[in-house]
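Residue numbers for the sequence shown follow the numbering used here, beginning at 901 and rising by one.
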Amino acid sequence: MIRGTFDLPVLFDYGATFAFGLSAALAGIKRHYDIVGVLALALVTGLGGGVLRDGLFLAQGPTPLLTNPRYIQLIGAAVLCGILFGSRIHHFAKLIAVVDALGLGAYAAFGVQKSLHAGLSAPAAVLVGVVNAVGGGVLRDLLCREEPLVFKPGQFYLLTALAGAVTFVFCSVNLEMSANRAAIVAVVLTFVFRALTIRFNWRTAPVSSGSIFENDESPPPAAGGGSSKLHPPSSRE
């Protein structure tokens, strides 16, 4: 059992919810969806990780993401901003990438913590933490009838969330750090790992190529590949 509880900062959680909803709304607009399709895609992306965590893995009933109306309101606002200012959103690409990198570690740690408190084993908790971090984006890709970006060769993304989840387990269980300290270590490590991945374009390669990892010196794609800065696989609280 881990010591203490790690609570996501409310403002960060709301900001991440808005950012993930906005990225999904832009993806729907790019595909020429109508308002229902854009809103549905944003909701699934923004809330999907938490719904999978609480509803599928932990079976704890309705997730707080659905009992608290603020999250759906924020996603609705994100959709509206995407419709009104979609052509200008690229100016905030770096900010969205920062929020996404921080969210990977934070939501992975939160998912692991909740799983450990529910009695899951450490390996199972790591799995739930990763799903919590990237599950919304996987559901988004499936709804768009695309192969999930996190499964395809490209920049480290799911591996980054995995590193954060494993770090949280190691620090909180093996080193017996408090949950808050373990989460800080996990978030910092994940953020640095993700930043280095973007900076040096570290990428996975198809397993059939004979090597799992490769270092591609070409600039990362603006959209697609392992993950898009404007369309990150979403994480959730």
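For glycine and all other residues, C-beta sits at the position ideal for the given N, C-alpha and C.
In this text, all values refer to a predicted model and were calculated from it rather than measured experimentally.
Shown here, T905 sits in coil according to DSSP, grouped into three states, outside any helix or strand. Rounded to the nearest whole angstrom, the C-alpha separation of V1066 and V936 is 38 Å. T967 has no beta-bridge partner at all, per DSSP.
Your pair L1058 and L941 does not check out as a contact, with CB atoms roughly 20 Å apart and the cut at 8 Å.
In this structure, G976 keeps its C-beta atom at 8 Å or more from the C-beta atom of G1036.
Bounds of any beta strand (DSSP E) do not take in R953, whose DSSP letter is neither H nor E. Taken atom to atom, the span from the alpha-carbon of F957 to that of P1023 is near 13 Å. Minimum Cα-Cα distance from L974 among the listed residues G921, R1040 and L966 corresponds to G921.
Within the same chain, and ignoring the five residues on either side of S1078 in sequence, the residues whose Cβ sits closer than 6 Å to its Cβ are R903 and G904. Cβ atoms of G1029 and T1104 stay farther apart than 8 Å, at about 20 Å.
For a cut-off of 8 Å, the C-beta gap from L943 to F1010 is around 20 Å, too long to register as a contact. Rounded to the nearest angstrom, the gap between the Cα atoms of G950 and F1056 is 22 Å. DSSP places R1099 in the uninterrupted alpha helix (DSSP H) bounded by A1079 to F1100. Taking C-alpha positions only, L1096 is separated from A1033 by approximately 19 Å.
In the three-state reduction of the DSSP assignment, Q1055 falls in the strand class, which pools E and B. Comparing alpha-carbon positions, the option among R1045, G1003 and V998 lying closest to I1098 turns out to be V998. Contact between G1064 and G1005 holds, with the beta-carbon distance rounding to 4 Å and staying under 8 Å.
Judged by DSSP in its simplified three-state form, R1103 adopts strand. The beta carbon of V1069 is closer than 7 Å to those of V1012, A1022, A1025 and V1026 in its chain, skipping five residues each way along the sequence. Of the candidates L1062, S1072 and D954, the residue whose Cα lies closest to the Cα of G1003 is L1062.
In the DSSP assignment, H1017 falls within the unbroken alpha helix (DSSP H) covering A993 to H1017.
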